[in-house]
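*Asks:* These protein sequence lines are chains U and L, in that order. Letter by letter, the first sequence follows residues 0 to 147 in numbering that gives the first Met the number 0. Letter by letter, the second sequence follows residues 0 to 393 in numbering that gives the first Met the number 0.
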Amino acid sequence: MTTTEELITEVLKGFSVQVKRERRVFLTIPRNDLIKTMNILSSELNIQHLSTITARDTGNDIEILYHFLLKGVVITIRTTCPKNDPTVDSIVSVFPSAILYERELHDILGIVPNGHPDLRRLVLPDEWVGGYPLRKDWKQPAEQEAEE
Amino acid sequence: MGRVKLPIGPQHPALKEPENFTITLDGERVVDVDIRIGYTHRGIEKLMESRTYTQNLYLVERICGICSYAHVENFTQNVEEILGIQIPKRAEYIRTLFLELERLHSHFLWLGVAGHEIGFDTLFMYTWQDREVVQDLLEMISGNRVNYAMNAIGGVRRDVSVEHQKKVLQGMDYLEKRAEYYKEVAINEKTILARAENVGILKTKDALKFSAVGPTARASGITVDIRKDDPYASYLDTPFDVITTNTNDVLGRVVVRVLEIFESIKIIRYLMAHLPVGEIVTKAPRKVPEGESISHTEAPRGEDFHYLRSNGTEKPERYKVRTPTLANLPALAEMLKGTYLADVPIIVAAIDPCMGCMDRVLLLKGNEKPGELVDGERLRRYSIKWFAERGWKA
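1) I need the DSSP call for U/LYS12, collapsed to helix, strand or coil.
2) Which residues of the stretch 70-83 of chain U have a Cβ closer than 8 Å to any Cβ of chain L? Give them in chain order.
3) So, L/GLU313 versus L/LYS286, is the Cβ gap smaller than 7 Å?
4) For L/ASN19, collect the residues of the same chain with a Cβ closer than 6 Å to its Cβ; drop the 5 residues on either side in sequence, then sort them by chain order.
5) Note the first and the last residue of the continuous alpha helix (DSSP H) segment covering L/PHE328.
6) Just tell me which of L/LEU307, L/LYS166, L/ARG94 has its CA closest to the CA of L/LEU82.
7) To which residues of the same chain is L/VAL167 closer than 7 Å at the C-beta, ignoring the five residues directly before and after it?
8) Nearest CA to the CA of L/VAL155: which residue from L/ILE140, L/MET0, L/SER49?
9) Going by DSSP in three states, L/THR121 sits in which element: helix, strand or coil?
10) Can you tell me which of U/GLY130, U/ASP117, U/PRO81, U/THR3 puts its alpha carbon nearest to the alpha carbon of U/ASN31?
11) Is the Cβ of L/HIS40 closer than 7 Å to any Cβ of chain U?
12) Based on the DSSP output, what are the partners of U/ALA54 in its beta bridges?
13) In whole angstroms, what separates the C-alpha of L/ARG256 from that of L/MET124?
14) Using a Cβ-based criterion (distance less than 6 Å to any ligand heavy atom), does L/GLY220 qualify as near the ligand FMN?
15) Under the three-state reduction of DSSP, which class applies to L/THR237: helix, strand or coil?
16) Looking at the C-beta of L/PRO329, does it have a partner C-beta in chain U at a distance below 7 Å?
17) Using a Cβ-Cβ cut-off of 7 Å, state whether U/ARG55 counts as contacting chain L.
18) Under 7 Å, Cβ to Cβ, is there at least one residue of chain U near L/GLY365?
19) Scan the stretch 193-208 of chain L for residues whose Cβ lies nearer than 9 Å to a Cβ of chain U and list them as they occur along the chain.
20) Taking only beta-carbon atoms, is L/SER210 less than 7 Å away from chain U?
21) Take every Cβ of the stretch 5-19 of chain U, pair it with every Cβ of the stretch 47-63 of chain U, and state whether three or more of those distances are shorter than 8 Å.
22) Can you find a C-beta in chain L that's less than 7 Å from the C-beta of U/GLN17?
23) Check the Cβ-Cβ distances between U/PRO132 and every residue of chain L, and say whether any is below 7 Å.
24) Are the CB atoms of L/SER233 and L/GLU79 nearer to each other than 7 Å?
25) Going along the chain, which residues of the stretch 94-115 of chain U sit with their C-beta nearer than 7 Å to a C-beta in chain L?
26) From L/ARG157, L/GLY290, L/ASN310, L/LEU174, pick the residue whose C-alpha is nearest to that of L/ARG89; which is it?
27) Report the CB separation of U/VAL111 from U/PRO85 in whole angstroms; it is logged as a contact under 8 Å.
28) Under a Cβ-count criterion, where at least 16 other Cβ atoms within 10 Å of its own Cβ denotes burial, should L/TRP385 be classed as buried or exposed?
29) Note down, in chain order, each residue of its chain lying with its Cβ closer than 7 Å to the Cβ of L/ASN146, except the 5 sequence neighbours on either side.
30) Assign U/THR36 to one of three DSSP states: helix, strand, or coil.
31) Can you give me the Cβ contacts of L/LYS368 inside the same chain, cut-off strictly under 7 Å, excluding the 5 residues immediately before and after it?
32) How should U/SER50 be labelled, buried or exposed, when 16 other C-beta atoms within 10 angstroms of its C-beta is the threshold for buried?
33) State yes or no: is the beta carbon of L/LYS4 nearer than 7 Å to at least one beta carbon in chain U?
34) Is there a Cβ of chain L sitting closer than 7 Å to that of U/ARG30, yes or no?
35) For L/GLY213, count neighbouring C-beta atoms within 10 Å of its own C-beta (all shown protein chains included) and say buried if the count is 16 or more, exposed if not.
36) Please go through the same chain and pick out, in chain order, the residues whose beta-carbon is closer than 6 Å to the beta-carbon of L/VAL30, but skip the five residues on each side of it.
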């Protein structure tokens, strides 16, 4: 382990930290602890770079992964929200660079980041009514007869 | 006159790709910018879930037409990590060669675009001519100019011969001379200085706040380079410097990229001199066990981030791509505020935006039927009809 990883493990003791391999650290938290954790990352570890946010449909839940970069170490914060209540606190107040990533997830997976300042569509068309394409139960809207 | 909202795009003669900037102007000053993307969303992440890893190897390469290889490299690294495969040393070196050749052609291309945006088309003509030298080298080894199809899961598909190495080195000698000239031009040419100095300011604290990446971040004094910070391919063995400037302006972004050309040439010379002997590919199984992996590379435009979740089958469970242009958009909005309208094109060009790459996913057709999806065959027929209606032959 590099010193950066040791530092991360030390600051985040009390959390379930998993060092998957060199420079890949994962941390699982309940969604209610999200802002608290983000504040620790920002103020105690002085993390400034949010690489992106990934989310995926796991069946009953949606798993959300926040990927940060600190001196070459990718730190991933994992949390979940139920599909029937896909809400989670927005982290924009702590990490302003989350603004577009949260908008994208709102578009394609229907995650509602509470407190997000601007939830207009980002990647899908404004008039899109076809649901959330990245969900596993999403069906392509019925094909129309090809116009000849 | 009060404030005016000026929509630029999605289709606009000044833009090279579809995107939309709604610029609020007070006189000639930009007071606010709203950026809307998604006009080239192609549904690639969704599509990947229904394709095998081998098929995805080719799909991923088509995310971008410039930094195609950075995406393939990330994809293969992710799959190899979950499979637990160590690729041969020679393959690592060949991959690094392609990563750097790609950076070279991308930076030469960008320098031309930047010249074009400030009305310096001679620079555009010169750099694009020089870029052909790189394209020829890529074609010589891989058979292709853009989508090289070099990677296999487990290594590379084509070897680099002694004859290739000789030609690559000759190409580097030529490009180095040209880069010396561009360095001279970038630092002394009055047209460039007048249009680039103190334009499009991004302070270090804002670059950090908005998580800017690549040359955009490095021109704001941030020492970040995934090749150094989280080494992949053969970057751990290969000596090179991370180029930064602290002028925080468009000129800084020009200087960083021009100097990075020299670093890429240095890396390529090292690789050619130290190319290990041996195999170029390790056999990989078709099915990938359950797992997850993160891979990020320093693409020409900055950190290109990929996440793979596998489920034990031949197809991925989830694949996520975050391209450097998306990461740089919040910083771009910041740079544009307070500038003159006339400087907007060069400031936008200075992050080296790649919209096609950023939007990825979903085949969407017009606005006749909201949210309607169109398959390739229908799209083809639609295009024939579209042209026929206008009396053209498709």
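Built from N, CA and C at the ideal position, the CB exists for glycine as well. Keep in mind that this is a model prediction, so the values were computed, not measured.
*Replies:* With the given structure in hand:
1) As a first step, residue 12 of chain U must be located in the first sequence, where it is residue number 13. Strand.
2) Answer in chain order: LYS70, GLY71, VAL72, VAL73, THR75.
3) Here residue 313 of chain L corresponds to residue number 314 of the second sequence, with the count starting at 1. Here residue 286 of chain L corresponds to residue number 287 of the second sequence, with the count starting at 1. Against a cut-off of 7 Å, the Cβ pair of L/LYS286 and L/GLU313 comes out as a contact.
4) As a working mapping, residue 19 of chain L is identified with position 20 in the second sequence. In its chain, beyond the 5 residues on either side, GLY8, PRO9, ARG35 have a beta carbon closer than 6 Å to the beta carbon of L/ASN19.
5) Position 329 of the second sequence, counting from 1, holds the residue named residue 328 of chain L. What sits at residue 328 of chain L in the sequence shown is Leu, not Phe. Counting along the chain, the alpha helix (DSSP H) containing L/LEU328 begins and ends at 323-335.
6) Here residue 82 of chain L refers to the residue found at position 83 of the second sequence. Of the candidates L/LEU307, L/LYS166, L/ARG94, the residue whose Cα lies closest to the Cα of L/LEU82 is L/LEU307.
7) Counted from its first residue, the second sequence places residue 167 of chain L at position 168. The answer, listed in chain order, is LEU136, ILE267, MET271.
8) Position 156 of the second sequence, counted from the start, is the residue given in the question as residue 155 of chain L. When each option's Cα is compared against that of L/VAL155, the closest is L/ILE140.
9) Residue 121 of chain L sits at position 122 when you count from the first residue of the second sequence. It is helical.
10) The residue given as residue 31 of chain U occupies position 32 in the first sequence. Selected option, being the one with the closest Cα: U/PRO81.
11) In the second sequence, residue 40 of chain L corresponds to position 41, counting from 1. Yes, because at least one Cβ of chain U sits closer than 7 Å to the Cβ of L/HIS40.
12) Locating residue 54 of chain U in the first sequence gives position 55, where the first residue counts as 1. Within the DSSP secondary-structure output, U/ALA54 pairs in a beta bridge with U/ILE63.
13) If you number the second sequence from 1, residue 256 of chain L lands on position 257. If you number the second sequence from 1, residue 124 of chain L lands on position 125. Cα to Cα, L/ARG256 sits roughly 18 Å from L/MET124.
14) The ligand FMN is not among the ligands present in this structure, which contains no ligands whatsoever.
15) Counting from one through the second sequence, the residue named residue 237 of chain L turns up at place 238. It is coil, neither helix nor strand.
16) Walking along the second sequence from the start, residue 329 of chain L turns up at place 330. Cβ-Cβ to chain U under 7 Å: yes for L/PRO329.
17) On the first sequence, residue 55 of chain U is found 56 positions in, with the first residue counted as 1. The beta carbon of U/ARG55 falls within 7 Å of a beta carbon belonging to chain L, placing the residue at that interface.
18) Within the second sequence, numbered from 1, the residue matching residue 365 of chain L stands at position 366. Its pLDDT being 39, under 50, L/GLY365 is placed unreliably by the model, and nothing is read from it.
19) Here the close residues are LEU207, LYS208.
20) Stepping through the second sequence from its first residue, residue 210 of chain L is reached at position 211. Yes - at least one Cβ of chain U is within 7 Å of the one on L/SER210.
21) Output reads no: the stretch 47-63 of chain U does not touch the stretch 5-19 of chain U.
22) Numbered from its first residue, the first sequence carries residue 17 of chain U at position 18. Chain L places no beta carbon closer than 7 Å to that of U/GLN17, leaving this residue out of the contacts.
23) Against the first sequence, residue 132 of chain U aligns to sequence position 133. Chain L, which has a Cβ nearer than 7 Å to the Cβ of U/PRO132, makes this yes.
24) Residue numbering aside, residue 233 of chain L sits at position 234 when the second sequence is read from its first letter. Residue numbering aside, residue 79 of chain L sits at position 80 when the second sequence is read from its first letter. In this structure, L/SER233 lies away from L/GLU79, with their beta-carbon atoms at least 7 Å apart.
25) When C-beta distances to chain L are compared with 7 Å, the residues of the stretch 94-115 of chain U below that value are PRO95, SER96, ILE98, LEU99, in chain order.
26) Position 90 of the second sequence holds residue 89 of chain L. When C-alpha distances from L/ARG89 are compared across L/ARG157, L/GLY290, L/ASN310, L/LEU174, the shortest belongs to L/ARG157.
27) For this step, residue 111 of chain U is matched to residue 112 along the first sequence. For this step, residue 85 of chain U is matched to residue 86 along the first sequence. With a Cβ gap of about 6 Å, U/VAL111 and U/PRO85 count as contacting.
28) Here the question's residue 385 of chain L lines up with position 386 in the second sequence. Looking at its Cβ environment, which holds fewer than 16 other Cβ atoms inside 10 Å, L/TRP385 is exposed.
29) Your numbering for residue 146 of chain L matches position 147 in the second sequence. Once the five neighbours on either side are set aside, the close Cβ partners of L/ASN146 are GLU60, ARG61, SER67.
30) On the first sequence, position 37 is the one that residue 36 of chain U refers to. Annotated three-state conformation of U/THR36 is helix, per DSSP.
31) One-based indexing of the second sequence puts residue 368 of chain L at position 369. With a pLDDT of 46 at L/LYS368, under the threshold of 50, the modelled position of that residue is not reliable, and no figure is offered here.
32) The residue given as residue 50 of chain U occupies position 51 in the first sequence. U/SER50 comes out buried.
33) Reading the second sequence from its first residue, position 5 is the one you call residue 4 of chain L. So, not an interface residue.
34) Position 31 of the first sequence, counting from 1, holds the residue named residue 30 of chain U. So, not an interface residue.
35) In the second sequence, counting from the first residue as 1, residue 213 of chain L sits at position 214. Classification for L/GLY213: buried.
36) Taking the first residue of the second sequence as 1, we reach residue 30 of chain L at position 31. Cβ neighbours of L/VAL30 beyond the five flanking positions: THR23.
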